[in-house]
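S.K.: As they're listed, the protein sequences go chains A and B. Just so you know, we're using numbering that gives the first Met the number 0 here: the first sequence kicks off at 0 and counts up by one. Just so you know, we're using numbering that gives the first Met the number 0 here: the second sequence kicks off at 0 and counts up by one. Pasting a structure here, questions to come.
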Amino acid sequence: MVVDMEGLHSFIAVAREKSISKAAQSLHVTQPTLSARLRKLEDSLGVTLVERGWEGVRLTKQGRFFLSDSVQLFQELEEAAALLRKRASRELDRPIEAVTNDGRLRIGVEAFLYPAYMNPIIQAIQEVLPDVDCNFVSKSSNLLLNMLESDGLDLCVNYVFQPKPGLTTIRIMEETAVLMYPSRGYPEIRDDLGNVGWLFDKPFILFENSPLLLYRDVTEKVFLYLFGKVPERFHIVDNVSVAIDILSAGFGYTFMPGSSIAHLAGKPLPFRRLPIPASFLISPVYVSYLESRSARFPTEALVDRIRRRLLAHDGGRFG
Amino acid sequence: MDTESVHSFIAVARERSISRAAQALHVAQPTLSARLRKLEDDLGVKLLARSWDGIRLTTEGRYFLSYSLQLFQELEESAALLRQRETHGRDGPIEAVTNARRLRVGVESFLYPALMRPIIEGIREAAPDAECRFVDKTSDLLVNLIDCEGLDLCVRYAGLEKPGLVSRELFEDRFVLLYPKDGEALIGEDMAGAGRLLDQPFVLFDKTPLLRFREVTQPAMMRVFGAVPERFHIVSDVEVTLDIVARGFGFTFLPVVSILQLLDDPLPFRVTLMDPELLRLPLCLTYSASARSPHPIGDLADAVYARLRSSLDALYSKLAAASVRG
């Protein structure tokens with residue numbers, strides 16, 4: 000389902016102005032029009048975003064959650080538009096030329112994988128295409144595949160197998176999930192997970208958006224496997240490195256694909272780790288590319304080299 | 000900018016045909032064409048090239064598409080989560096993400112690798128049992144989020160300012176030149192010989208820094224290298240940048256704070272502190288004076304501020320030692 004953009008714009012204005020009438024003024028629409036647009040958005044989402052009370056309007060908690068993504072949507076899109084306008088006015092020739100240049104190799108790497116795997120991926124590119132200029136994108140697997148399909152990327156390293164005509168997907172390896180918890184202030188969890196229940200009262204570090212959409216299929220199953228119930232305390236993060244900082248500070252525990260921390264190999268880890276032996280947690284890593292694009296670059300040779308470099312990589316950030 | 004047009008543009012790019020896109024969106028073809036033209040007029044560039052064998056994206060169209068896709072997808076995911084919450088009831092995590100009692104802390108994307116630890120320590124000191132939501136975004140976006148109460152507190156670079164927000168300056172960040180261990184002579188703080196780096200690609204950040212290219216980046220490039228580089232790698236993330244320079248695949252300059260977390264180990268590249276006259280960025284802690292929050296935001300700000308100050312001072316003196324003098 001598509002989010003109603005007019006409604007979204009109205010919602011952001013109301014959140015900013017904290018008043019329907021002021022928001023209507025700032026958007027140059029009438030108050031009833033604005034209210035109708037808001038209601039339409041709320042209906043399409045199935046939740047109430049704005050509460051109309053005595054002292055004005057305020058956001059519901061769902062409204063607050065939705066707000067940060069909405070603000071971001073508009074701001075980032077406006078910035079991309081501002082860059083294009085500068086290009087149109089020939090104000091920024093060279094760097095914009097570079098950013099919008101078709102000749103560059105565009106590589107996407109799943110956000111969970113890039114801290115550990117950027118180094119071998121760059122090494123593979125240097126070996127096959129030493130003189131190429133690149134555009135590196137780190138996003139969720141689903142988004143990378145969407146970008147690949149609409150020709151926004153040349154290849155991507157991701158977690159999702161999506162059979163599509165014209166799309167080649169090569170399986171590189173499999174990884175298992177690893178339970179991670181602080182060394183200080185926490186007891187050592189036994190290999191058989193016998194005393195894992197101790198973690199239950201500590202905040203679980205939860206990744207938002209894309210991973211959260213898989214909550215039913217993955218995360219909830221892990222909670223039931225470990226504790227027989229769902230934890231009640233959470234920290235929310237959008238980034239592997241922040242999760243690692245929380246772990247290192249002894250502020251919470253989590254689980255992640257094992258390779259998310261491969262870049263920390265070779266040094267004493269500032270937290271403890273333990274593989275979770277559950278078969279539903281095995282996730283293959285793929286490289287995907289569009290066959291029709293392979294004429295621009297020796298994509299097959301590059302993919303093969305990336306595969307070999309990733310398999311040979313024994314961890315370590317800059318190793 | 001008209002977002003309906005942006006959505007139409009995504010549909011055309013996906014379907015590679017105006018008529019199929021019109022069908023998919025349930026609008027008439029002339030309506031769709033008008034929306035696309037409006038978007039192109041607004042941006043001042045052509046996004047689509049119409050030819051006898053159909054529609055294809057121009058260079059600018061491809062650039063704009065990747066942002067449009069990304070943002071719509073993130074929004075769709077956020078909407079999907081809200082809908083899931085309604086259909087599945089009030090179970091743990093989705094409730095947790097949408098929970099307004101959570102302390103929401105934003106950290107500029109250049110800063111979180113080095114500053115997350117002291118920020119967490121400050122939070123634990125003032126609110127040890129708080130459950131948190133951490134977001135890393137660009138500084139201007141963080142300010143907009145505080146302004147509409149989407150965040151409680153953020154650490155960011157000065158730039159966009161709004162009435163009603165309290166900002167306390169933490170530090171004045173400088174820039175550092177980062178280049179590979181290439182066996183050539185070291186580049187000193189006078190930047191003599193830095194021009195030799197120009198045969199490699201410069202690692203350039205897309206978006207916000209690029210918008211200030213002419214005012215900020217370009218003059219600094221002229222002074223340091225004597226020219227604007229001709230080759231670029233484009234990135235959207237500090238960590239990827241560090242990997243590129245460490246592998247000898249390019250060079251760049253970055254705010255000093257973005258590499259402070261690496262100083263415990265031998266650096267995988269060379270660094271030279273740049274003259275603060277070339278580039279400087281005040282770093283500050285910002286929160287809303289009027290926001291309704293269940294947390295003691297003033298106390299939290301004090302604790303986080305104190306932790307950041309002492310850790311920035313310690314880290315910065317380590318960096319001065321690692322930089323090559325002229």
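The beta-carbon is built from N, C-alpha and C at its ideal position, and this holds for glycine as well. Keep in mind that this is a model prediction, so the values were computed, not measured.
Give the single residue among B:SER310, B:LEU299, B:ARG308 and B:ALA245 whose Cα lies nearest to the Cα of GLN125 of chain A.
M.R.: For the residues B:SER310, B:LEU299, B:ARG308 and B:ALA245, the minimum Cα distance to GLN125 of chain A belongs to B:ALA245.
S.K.: Determine, for PHE279 of chain A, whether the minimum Cβ-Cβ distance to residues of chain B falls below 9 Å.
M.R.: With 9 Å as the cut-off, PHE279 of chain A does not count as an interface residue toward chain B.
S.K.: Given MET0 of chain A, which residues of its chain have a CB within under 8 Å of its CB, disregarding the five upstream and five downstream residues?
M.R.: At MET0 of chain A the pLDDT is 42, less than 50, meaning the model places this residue with poor confidence; the figure from the coordinates comes in the next sentence. Answer for MET0 of chain A: SER43, listed in chain order.
S.K.: Mind pulling the chain A residues with CB within less than 8 Å of LEU42 of chain B?
M.R.: In chain order: ALA80, LEU83, ARG84 and ALA87.
S.K.: In whole angstroms, what is the alpha-carbon distance linking THR153 of chain B and THR285 of chain B?
M.R.: The sequence given here places Cys at residue 153 of chain B; Thr does not occur at that position. Looking at the two C-alpha atoms, the distance is approximately 5 Å.
S.K.: Evaluate ARG306 of chain B with the Cβ neighbour count: other Cβ atoms within 10 Å of its Cβ, from every protein chain shown; 16 or more gives buried, anything less gives exposed.
M.R.: With 16 or more other Cβ atoms within 10 Å, it is buried.
S.K.: Give the residues of chain B in contact with GLU75 of chain A, contact being defined as C-beta atoms less than 8 Å apart.
M.R.: Ordered by position in chain B, the residues that pass the 8 Å Cβ test against GLU75 of chain A are TYR66, GLN69, LEU70, LEU140 and LYS206.
S.K.: Given that ALA97 of chain A touches chain B, what residues does it touch there, using C-beta distances under 7 Å?
M.R.: Simply LEU203, PHE231 and ILE233.
S.K.: Could you give the DSSP three-state label for MET172 of chain A: helix, strand or coil?
M.R.: Three-state result, MET172 of chain A: strand.
S.K.: Please identify the residue among A:LEU37, A:LYS17, A:GLN30 and A:PHE64 whose C-alpha is closest to the C-alpha of GLY52 of chain A.
M.R.: If we check each option's Cα against that of GLY52 of chain A, A:LYS17 comes out closest.
S.K.: Specify the secondary structure class of ARG103 of chain B as computed by DSSP and reduced to three states.
M.R.: DSSP places ARG103 of chain B in strand when its eight states are reduced to three.
S.K.: With a threshold of 9 Å between beta carbons, is ALA245 of chain B in contact with chain A?
M.R.: True, the Cβ-Cβ gap to chain A drops below 9 Å.
S.K.: Rounded to a whole number of angstroms, what is the C-alpha to C-alpha distance between GLY325 of chain B and PRO275 of chain B?
M.R.: A caution first: GLY325 of chain B carries a pLDDT of 44, below 50, which makes its placement in the model unreliable, though a value can still be read off. Rounded to whole angstroms, GLY325 of chain B to PRO275 of chain B spans 15 Å at the Cα level.
S.K.: Let's test the definition: count the other Cβ atoms within 10 Å of the Cβ of PRO265 of chain B and tell me whether it reaches 16, buried, or not, exposed.
M.R.: So PRO265 of chain B ends up on the exposed side.
S.K.: For ASN238 of chain A, name the three-state secondary structure that DSSP assigns.
M.R.: The answer is coil: DSSP assigns ASN238 of chain A none of H, G, I, E or B.
S.K.: Thinking just about the alpha-carbon of each residue, which of A:SER140, A:SER282, A:LEU178 and A:LEU112 is nearest to the one in ARG271 of chain A?
M.R.: Comparing Cα-Cα distances from ARG271 of chain A to each of A:SER140, A:SER282, A:LEU178 and A:LEU112, the minimum goes to A:LEU178.
S.K.: For the segment 197-233 of chain A, which segments carrying the alpha helix (DSSP H) assignment without a break, of at least 4 residues, lie completely within its bounds, in sequence order?
M.R.: Counting only runs of 4 or more, we get 209-212 and 219-226.
S.K.: Taking the straight line between their C-alpha atoms, what separation do you get for PRO31 of chain A and ARG38 of chain A?
M.R.: Rounded to the nearest angstrom, the two C-alpha atoms are 10 Å apart.
S.K.: Count the other CB atoms within 10 Å of the CB of LEU310 of chain A; is the residue buried (16 or more) or exposed (fewer)?
M.R.: Exposed, because fewer than 16 other Cβ atoms sit within 10 Å of the Cβ of LEU310 of chain A.
S.K.: For LYS136 of chain B, would you say it is in contact with chain A, using Cβ-to-Cβ distances shorter than 9 Å as the test?
M.R.: Closer than 9 Å: yes.
S.K.: Give a yes or no on whether the minimum CB-CB distance between ASP236 of chain B and chain A is below 9 Å.
M.R.: Yes, its Cβ sits closer than 9 Å to a Cβ of chain A.
S.K.: Distance check for SER235 of chain B and GLY397 of chain A, CA to CA, integer angstroms please.
M.R.: Residue 397 of chain A lies beyond the stretch modelled for chain A, which goes from 0 to 318, so this question has no answer here.
S.K.: When we look at the beta-carbon of ALA184 of chain B and count the other beta-carbons within 10 Å, is it buried (16 or more) or exposed?
M.R.: ALA184 of chain B comes out exposed.
S.K.: Under three-state DSSP, which class holds THR298 of chain A?
M.R.: Note: THR298 of chain A maps to helix in three-state DSSP.
S.K.: Going along chain B in order, which residues have a C-beta closer than 7 Å to the C-beta of GLU207 of chain A?
M.R.: Residues of chain B passing the Cβ test: VAL96.
S.K.: Would you mind reading off the limits of the alpha helix (DSSP H) that contains GLU148 of chain B?
M.R.: That residue, GLU148 of chain B, is in no alpha helix (DSSP H); it is neither H nor E in DSSP.
S.K.: Does the segment 131-139 of chain A come close enough to the segment 256-272 of chain A that 3 or more CB-CB pairs lie under 8 Å?
M.R.: With a cut-off of 8 Å, the segment 131-139 of chain A and the segment 256-272 of chain A do not count as touching, because too few Cβ pairs lie within range.
S.K.: Helix, strand or coil: how does DSSP classify ARG51 of chain A here?
M.R.: Reduced to three states, the DSSP call for ARG51 of chain A is strand.
S.K.: Under 9 Å between C-beta atoms, does MET0 of chain A make it to chain B?
M.R.: Interpretation of MET0 of chain A is limited by its pLDDT of 42, a score under 50 that renders its predicted location unreliable; the figure taken from the coordinates is listed afterwards. It does: the Cβ of MET0 of chain A has a partner Cβ on chain B nearer than 9 Å.
S.K.: Go through its chain and collect everything with a Cβ distance to LEU58 of chain A's Cβ below 8 Å, but skip five positions before and after it.
M.R.: Answer for LEU58 of chain A: ALA14, LEU48, VAL49, GLU50 and LEU66, listed in chain order.
S.K.: My output table needs one value for THR285 of chain B: the three-state DSSP class, helix, strand or coil.
M.R.: Three-state DSSP puts THR285 of chain B in a strand.
S.K.: Could you give the DSSP three-state label for SER140 of chain A: helix, strand or coil?
M.R.: Reduced to three states, the DSSP call for SER140 of chain A is helix.
S.K.: Name, in chain order, the residues that DSSP records as bridge partners for PRO181 of chain A.
M.R.: DSSP lists A:PHE270 as partners of PRO181 of chain A.
S.K.: If you measure between the beta carbons of PRO283 of chain A and GLU109 of chain A, is that distance less than 9 Å?
M.R.: No, these two residues do not count as a Cβ contact at 9 Å.
S.K.: Express the C-alpha separation of VAL241 of chain A and MET115 of chain B in angstroms, rounding to a whole number.
M.R.: Those two C-alpha atoms are separated by around 7 Å.
S.K.: Within its chain, find whatever has a CB closer than 7 Å to the CB of GLU290 of chain A; leave out the 5 residues flanking it on each side and keep chain order.
M.R.: Answer for GLU290 of chain A: GLY165 and THR167, listed in chain order.
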